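Heads up: the sequence shown runs through residues -18 to -1, 1 to 272, numbered per mature numbering (1 follows the signal peptide of the UniProt record, and there is no 0). This report concerns only the one structure given below.
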Amino acid sequence: MRAAVLALFLAGAALCYAQPVSNATAGVISVGTGGPATQVQLDNMWTVSQQGSHYNRYWRTFLIGEVMIDKSNTTDSDTECSYLCDDHFGCSTWAWCNDQNGCKVDDAACSTTATVPFQTCILSTWENVIPAYTDEDFGGPDGNGTAMVGTSGPAVGFISGYLLSSPSAPAFQPPSGLGWWNNFTVEKGVFYYLDTMGTPEGAASASDCAARCSTTQGCDAYNFCPLDEADGCLVPQFMCSSQLSVIAGYCMLASTESEGANTPFVKLDAITLPFISGVRIPVVTTPTPA
C-alpha cells in the first residue's frame, strides 16, 4: 500500500546506475543560469562542495525513501539538491533529474514510479525499520541507517544520493585491478533485495561471491555474509522485501524480473548490517559513428 501511494505521489509531480560517479558516462545538460554543464563540471561541483562527506552519490540511479518530503523544487545541480536535503528536517535521500527531456521511472522496486521535469529535486526519508530480532531501530541504538527503493540502469536520468550510515567510519576499499570489480559496486554495511533471491551458498570471500554473480546469467546483485559473523547476518523487513537470515561465509545472489536493462531494488544501509554487497553497474553504450 505504501508503495502504491508513493507511486501516485511521484506521478503527480509531472503536472507542475547502481552506477558510482567514477564509472559514469559524460554528457551535456543545461543548468539554469549556469549554462551548459558537462558531467565533469557536475562532478567538480560535488567535489568542491564536500557533500561527499555526508552522502553517497550515484549516477544513473533513482533512489527514494518510504516517506515523501518535497518534490516541488528545481535546482541547477544535484549538489544544490543535496543542500535542500540538508535544509529539510529528517531528509535522508534525494534524487535529481539530469535529463533535459524529463525523467521517467516505471520499474523501481515496490512498483514505485516517477515522472518529473528536468532539474526536479525529490527529497524523501524512511520510517524507522524495526527488525523482529531486536528492540533497536534499524542502524543500532541511534537508528543510524537508511532504507530505500530504487532502480539503476543506462536509461535512468537521475543522480541520487543518501546519507552515509557512518560518516566517521573509514571508506571500504575494494581490491584493485581489472575484472568483475569493474562490473559491480562493492559496498560494506549494505544489503540489496531484488525480485528473486537465490539460495545462499558457501563462498570463500566477498570477491568469490561477486565473481560468482558476474559469471551467473541474470545475476544483478550479490550479498556476502563475512566468515567472522559467528551468528550469521540478519536482514530486517522493509516495504516489499522480507526478513532474511544468511549463514556466515555464505553468498546470496539476486536477480530482477524487470524487462529491459534497469535493475530495480530495495537497498538497506546501516552500520549494523555486516554484509558486503554490490549491484551491477549500468553500462552506457556509445553509438558507433556512421
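Virtual Cβ for every residue (Gly too), placed ideally from N, Cα, C. Computed from a predicted model, the values in this text were never measured in an experiment.
The alpha carbon of V138 has as its nearest neighbour, out of E169, N244, N55, V22, the alpha carbon of N244. In the displayed model, D25 falls within a helix according to three-state DSSP.
Pairing V228 with P182 gives a Cβ-Cβ distance under 7 Å. Contact between the stretch 31 to 48 and the stretch 56 to 67 is present: 3 or more CB-CB pairs across the two stretches fall below 8 Å.
G34 sits in a helix when the DSSP states are folded into three classes.
By the beta-carbon neighbour count (other beta carbons within 10 angstroms, threshold 16), L145 is buried. About 6 Å separates the beta carbons of A192 and G260, which is inside the 8 Å limit, making them a contact pair. Only exposed fits D190, as fewer than 16 other CB atoms lie within 10 angstroms of its CB. M221 is the residue among Y232, M221, G143 whose C-alpha sits nearest the C-alpha of T94.
Assigned with DSSP and collapsed to three states, S189 falls in helix. DSSP places C63 inside the alpha helix (DSSP H), whose first and last residues are 60 to 69. A residue is called buried when at least 16 other Cβ atoms come within 10 angstroms of its Cβ; T167 meets this threshold and is buried. In summary, V22 is exposed, with fewer than 16 beta-carbon neighbours lying within 10 Å of its beta-carbon over all protein chains present. For the set A230, D177, E239, the Cα lying nearest the Cα of I258 is the one of A230. Here DSSP, grouped into helix, strand and coil, assigns N80 to coil. Taking Y174 as the centre and dropping the five residues before and after it, the same chain places the C-beta of A203, N205, A236, F247, K249, S259, V261 closer than 7 Å to its C-beta, in chain order. When DSSP states are grouped into helix, strand and coil, C195 belongs to the helix group.
Here N205 is bridged, per DSSP, to M234, S259. Inclusion of C79 and V49 in the CB contact set at 7 Å is not warranted, their separation being larger than that value. Judged by their CB atoms, S147 and T43 are not nearer to each other than the 7 Å cut-off.
By the C-beta density criterion, L24 is buried, having at least 16 other C-beta atoms within 10 angstroms.
Secondary-structure assignment with DSSP links L105 through a beta bridge to D52, W76. If you look at T95, you'll find it in the beta strand (DSSP E) that goes 94 to 98. If the five residues before and after V87 are omitted, its C-beta is found closer than 7 Å to the C-beta atoms of F44, T95, A96, T133, V138, all from its own chain and listed in chain order. Closest in C-alpha terms to T254, from the list Y37, S240, C215, K53, comes C215.
For S74, the closest C-alpha among the options L105, A90, G121 is that of L105.
With a threshold of 16 other beta carbon atoms within 10 Å, G184 falls short and is exposed.
Rounded to whole angstroms, the gap between the alpha carbons of D251 and W108 is 12 Å.
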